[in-house]
Amino acid sequence: MFEVFIHRLFWPFFLGALVGLLTISNPLSKIPLFVTLTEDMSERARAAVARKACAYGFVLLTLTLFFGVFVMEVFGISLAALRIAGGVTIAVLGFRMLFGYGYVGPPPTMGHRNIAVFPLALPGISGPGAIAVVIGISTEIAELKAAINQVIAYAATVTSILITCTVIWLTLRSARFVSRVIGADGMEAMTRIMGFLLVCIGVQFIASGVRSFIAGA
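Start counting the sequence shown at -15; every next residue gets the next number (our numbering).
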């Protein structure tokens, strides 16, 4: 029976969250900002910044997963509305990436005493798009009836968040090497592919929210 739960719940939530977070975070897009902000740092300092940024990002996204829906419910926002709003946010960000409307976030020259927190962790790793993905998934988890189902879905999503942050950490650690190998054109092509996937994910969230609205009407 437990294996059935794993097959029907863990893998769908795990893969859905992993694909959504990896595409919205687009690890390669973090390279220019990271290289610029850590240009004058030693290798040891760059490693520490990358590690802290990903740790902070993991904590922020995990807190959003468990408490994001609760906060929204305090303001009287329905799960369907959350899903639609998250879908629109994801689709718009994907549209900007797909058609090359520029980087969404703080300018690379922005200084800060702790760049691991801002702008790398927030909004770099746990930006509006990633938060929208996590909240969208948390609304789906909230609609599961059995507690064991919710536990499995939460475990799957947290695992996806951890893997996403690990991939970003590996990307940041090899940022200088990757930037030389792929080049500007390669990074732009990857960004556009990720943008198209985000538009698809956003539309799926919107459609799911609309169905919930209709079912509850």
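The C-beta atom is built at its ideal place from N, Cα and C for all residues, glycine as well.
Problem - Residues of its chain near T143, where Cβ-Cβ distance is below 7 Å and the 5 sequence neighbours each way are ignored - result: Residue mapping note: residue 143 aligns to position 159 of the sequence shown, counting from 1. Cβ within range, chain order: F(-2).
Handout entry: Unbroken alpha helix (DSSP H) run spanning R35, endpoints
Key = To locate residue 35, count along the sequence shown from 1; it is residue 51. Counting along the chain, the alpha helix (DSSP H) containing R35 begins and ends at E27 to V58.
Handout entry: Cβ neighbour criterion (16 or more within 10 Å) applied to A131
Key = As a first step, residue 131 must be located in the sequence shown, where it is residue number 147. Residue environment analysis places A131 among the exposed positions, since fewer than 16 neighbouring C-beta atoms fall within 10 angstroms of its C-beta.
Practice task
Let me know the secondary structure DSSP gives L182 once reduced to three states.
Solution key: The sequence position of residue 182 within the sequence shown is 198, counting from 1. Three-state result, L182: helix.
Practice task
Out of L44, G186 and G193, point me to the one whose CA is closest to V3's CA.
Solution key: By 1-based counting over the sequence shown, the position of residue 3 is 19. Ranking L44, G186 and G193 by Cα distance to V3 puts G186 first.
Handout entry: Buried versus exposed call for L77 [16 or more other C-beta atoms within 10 Å across all chains shown]
Key = As a first step, residue 77 is located in the sequence shown; it is residue number 93 there, counting from the start. Counting Cβ neighbours within 10 Å, L77 comes out buried, since at least 16 surround it.
Handout entry: Rounded C-alpha distance that separates I68 from I115
Key = The residue you call residue 68 lines up with position 84 of the sequence shown. The residue you call residue 115 lines up with position 131 of the sequence shown. Approximately 13 Å between the Cα atoms of the pair.
Handout entry: From V72, A39 and F83, residue whose alpha carbon lies closest to that of S192
Key = Taking the first residue of the sequence shown as 1, we reach residue 192 at position 208. Nearest option by C-alpha distance: V72.
Handout entry: DSSP-derived helix/strand/coil call for A128
Key = Position 144 of the sequence shown, counted from the first residue, corresponds to residue 128. Before going on, a small fix: residue 128 reads as Leu here, not Ala. Here L128 carries a coil assignment [DSSP, helix/strand/coil].
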